[in-house]
Amino acid sequence: MISSRFAKLLSWSYLIALYGFIFLPVAVLVLFSFQDGRLPVPPFNGATLKWYGEVFADSRLMSALGNSLIVAIGSATVACVLGFCAAYALARFVLPASRLQRGLLISPMTVSYLIIALGLLTTFNWIGVSLSLWTVGIGHVVINLPLCFAIIYASMGDHQKNIERAARDLGAAEWQVMTQVSAPMLMPSILAAFFLSVTFSWDEFIIAFLLSRFDVTLPVEIWSMLRSGLNPKTNAVGSVVFLVSVALLLILELIVFRRTAKK
Amino acid sequence: MTAPVSIRNVSKIFGDFTALDDINLEIAAGEFIVLLGPSGCGKTTLLSLLGGFLSPTSGAIEINGTDMGDVAPAKRPTTTMFQDYALFPHMTLRDNVAFGLKMRKVGKSERHAKAEELLDMVGLKTSANKKPHELSGGQRQRVALARALAVEPDVLLLDEPLGALDLKLRRQMQDELKAIQKRVGTTFVHVTHDQEEAMAIADRIVVMNAGRIEDVGSPETIYMHPKTIFTASFMGEVNFIPGTFESATERTISVKTPLGSVELPEFECSGFAPGASVTLAIRPEHFRASTGTGPRITLGKAKVEDGSFFGTHHRAHLSPLDYPNMTITAHMPQSAIIEPGAWVELTLDPTTVVLLHGHPPRPTQESATL
């Protein structure tokens, strides 16, 4: 009796400790973004929305937020299109060394972002491409393409293959099969890949930092704010970033996974 | 639309496996052909060759007199109805059926009208706005049929389309398929391993085994006068009685069997030399009570071993007096009383007996050699 109660207590405290470990920093960040005072440190002096007002009035932060959205949506779209094409080719046609090709496509996942950023930086310098949001976008395509490919490739089964065969049999050309049958049929996994890519790009710092110059993304702008010390405004903008990520994951959950579960 | 199909000397070899070996078959326009055989006999491979999903290793396929050698599936006058229906899950039934017309650049209102007409034909007019996942198996199957017919193919290829349905629904769909085929007049080539289905729907059955055509003919011919031991056993339950060809006179031929000499009316017995191994094939329903009209022969007395009731008949196992090691399966009338241990006379009409070359490869109905 006692031992079972003890075990229950232990498992509950483990659960609380686990979630505390994950969410406490975020909770603290969000809490002190409402701090009525100049420093985001305890004690909590009372709530105000002043810092959020400052964030949305800050033109540099707002343009960085816009840049982040452009880069996230643009790079996720490109990564999804490229990932879908690669997955379609590798799942539907007999290609030479297809195992090796799959491995090479996924391998950037195992390389650290710092290495990827340094490699791209060297390459851009070498071929004379100046740094801009475009180069940041290219960097984000590099990190998100393996993810998009893996998600979409995993959802291409033999059943869909037969459906594509039926489309071809009814007179569809290859591009029509891809755009009118395969892509709509795989839309849940394509959307999942898209939203995950947007989330990753939205949060990403190292590549965005090393591959940008004048126009920067939000994480880079926040980092430069942090250099002048902590203040509740940085917490407020951090909370905004976090909220957008959560919102994206909720959309993913609601639109994509609900739809898949229904089928 | 409809067209004849001509298959000439077609072989298909995968690595060192010969899937099809020198197939020759002429299919008339508007015919309902069933390719029947056990799995691995090459029937699905032949269908894929017709549809253009595979190309033959050698030989030629002509549809409506045109060689299909390098014609891609999309350009062939054929459409395929797949076993798993392969409907487009993201489209409504209307869009599914209209897809082939859309690919042929038919205008939206025209193709939708055509799609609704076909959905009406298969009894799904009111479901045009539904998606495939809202339908039952039989309904999906009907949509697949409507979709394949919407582009008015010359030849419709059906790849075991009824395989996934339960028995009752399958019988119902067989009738519908047959009726729709008669109505649209398209040449149907249907693949199945179910001989009852084949007999129910086919104008002609093509029995295939190990990459070859064993037999071609109407359901009646294939069942009543099979040409080979394989066809006889594949088309339904049959008793094989091995024997030796003795002699032929003007009116009768004589075959020596473990159950004594059997005199059969002379029919096509060309190619039989005295002393040749032959097999008598007798369907269980051909054993008749000794009374009745018409010619009768007997294979002697047999003891009833057991019996079970099948509704339309009793199915009984008998062991002949002259050769107790052999088991004969016979269908007895509904009203018969089956008593194990009772003796019955093995009487039959000699014209129902089929004389076949050779002996069964693996004796299953009898356990001893001659």
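Protein chains in written order, with this note's numbering: chain A, 318 to 580; chain B, 399 to 768.
Virtual Cβ for every residue (Gly too), placed ideally from N, Cα, C.
Alpha carbon of residue i to alpha carbon of residue j, nearest angstrom
| i | j | result |
| --- | --- | --- |
| A542(B) | P759(B) | 41 angstroms |
| D419(B) | F412(B) | 12 angstroms |
| A510(A) | L382(A) | 22 angstroms |
| I425(B) | T476(B) | 14 angstroms |
| L571(A) | A564(A) | 10 angstroms |
| A458(B) | I421(B) | 10 angstroms |
| C465(A) | P505(A) | 12 angstroms |
| R419(A) | I460(A) | 15 angstroms |
| G467(B) | S453(B) | 7 angstroms |
| R610(B) | N407(B) | 11 angstroms |
| H684(B) | D747(B) | 7 angstroms |
| K701(B) | W741(B) | 5 angstroms |
| K367(A) | W443(A) | 46 angstroms |
| A562(B) | K500(B) | 29 angstroms |
| L327(A) | I387(A) | 47 angstroms |
| I651(B) | E635(B) | 25 angstroms |
| H757(B) | M622(B) | 19 angstroms |
| K580(A) | L508(A) | Because K580(A) carries a pLDDT of 48, less than 50, the predicted location of this residue cannot be relied on, and the following value inherits that uncertainty. Each residue's alpha carbon lies about 16 angstroms from the other. |
| L719(B) | P682(B) | 18 angstroms |
| T394(A) | T534(A) | 18 angstroms |
| I431(B) | F451(B) | 20 angstroms |
| F531(A) | S447(A) | 11 angstroms |
| T590(B) | L444(B) | 12 angstroms |
| D592(B) | G658(B) | 35 angstroms |
Contacts that residue i makes with chain B (C-beta to C-beta distance below 9 angstroms)
| i | result |
| --- | --- |
| H457(A) | Simply none; closest approach about 29 angstroms. |
| A471(A) | Chain B residues near A471(A): none, gap ~18 angstroms exceeds 9 angstroms. |
Residue i (DSSP reduced to helix, strand or coil)
| i | result |
| --- | --- |
| K528(B) | coil |
| L277(A) | The question about residue 277(A) has no answer, for chain A in this structure spans 318 to 580. |
| F685(B) | strand |
| Q481(B) | coil |
| V347(B) | Since the first and last residues shown for chain B are 399 and 768, residue 347(B) lies out of range. |
| K441(B) | helix |
| N548(A) | coil |
| H383(A) | Going by the sequence as given, residue 383(A) is Gly instead of His. Of the three classes helix, strand and coil, the one that applies to G383(A) here is helix, per DSSP. |
| I620(B) | helix |
| S534(B) | coil |
| I480(A) | helix |
| Q493(A) | helix |
| M571(B) | helix |
| A392(B) | No information on residue 392(B) is available, as it lies outside the stretch 399 to 768 that chain B covers here. |
| M466(B) | coil |
| R530(A) | coil |
| H588(B) | strand |
| G457(B) | strand |
| N461(A) | helix |
| T416(B) | strand |
| E515(B) | helix |
Interface residues of chain B facing residue i [CB-CB closer than 7 angstroms]
| i | result |
| --- | --- |
| I339(A) | Result: empty, since nearest Cβ-Cβ is about 37 angstroms, beyond 7 angstroms. |
| R485(A) | P471 and A472 |
Residue i burial status per 10 Å Cβ neighbour count (16 or more: buried)
| i | result |
| --- | --- |
| K523(B) | exposed |
| G488(A) | buried |
| L378(A) | buried |
| Q579(B) | buried |
| M473(A) | buried |
| S392(A) | buried |
| H712(B) | buried |
| C402(A) | exposed |
| R509(B) | buried |
| V428(A) | exposed |
| Y470(A) | buried |
| G463(B) | exposed |
| N723(B) | exposed |
| W492(A) | exposed |
Any non-hydrogen atom of the ligand ZN within 7 angstroms of residue i CB
| i | result |
| --- | --- |
| I572(A) | No copy of the ligand ZN occurs in the structure displayed, which carries no ligand at all. |
Chain-ordered neighbours of residue i on chain B, where CB pairs are closer than 8 angstroms
| i | result |
| --- | --- |
| I480(A) | A484, L485, F486 and P487 |
Subject >> Members of the segment 489-505 of chain A near chain B, C-beta cut-off 9 angstroms >> reply: Taking 9 angstroms as the Cβ-Cβ cut-off against chain B, the residues of the segment 489-505 of chain A that qualify are A489, A490, Q493, Q497, V498, P501, M502 and M504.
**OP:** Taking a Cβ distance cut-off of 7 angstroms, strictly less, list which residues of the segment 479-501 of chain B are near chain A, in chain order.
**Re:** Answer in chain order: F480, D482, A484, F486, P487, H488, F497, G498 and M501.
Original post:
At a Cβ cut of 7 angstroms, what residues of the segment 401-431 of chain A count as close to chain B, listed as they run along the chain?
Top reply: Going along the segment 401-431 of chain A in chain order, one finds no residue with a Cβ nearer than 7 angstroms to chain B.
Original post:
Which residues, in chain order, does the segment 532-551 of chain B contribute to contact with chain A at a C-beta distance below 9 angstroms?
Top reply: Against chain A - using a Cβ distance shorter than 9 angstroms - the residues of the segment 532-551 of chain B are A542, R545, A546, A548 and V549.
Original post:
Which of the residues in the segment 438-461 of chain B, read from start to end, lie with their CB under 9 angstroms from any CB of chain A?
Top reply: Going along the segment 438-461 of chain B in chain order, one finds G449, G450 and F451 with a Cβ nearer than 9 angstroms to chain A.
Subject >> Residues of the segment 461-478 of chain B whose Cβ lies closer than 7 angstroms to any Cβ of chain A, in chain order >> reply: Those would be P471, A472, T477 and T478, in chain order.
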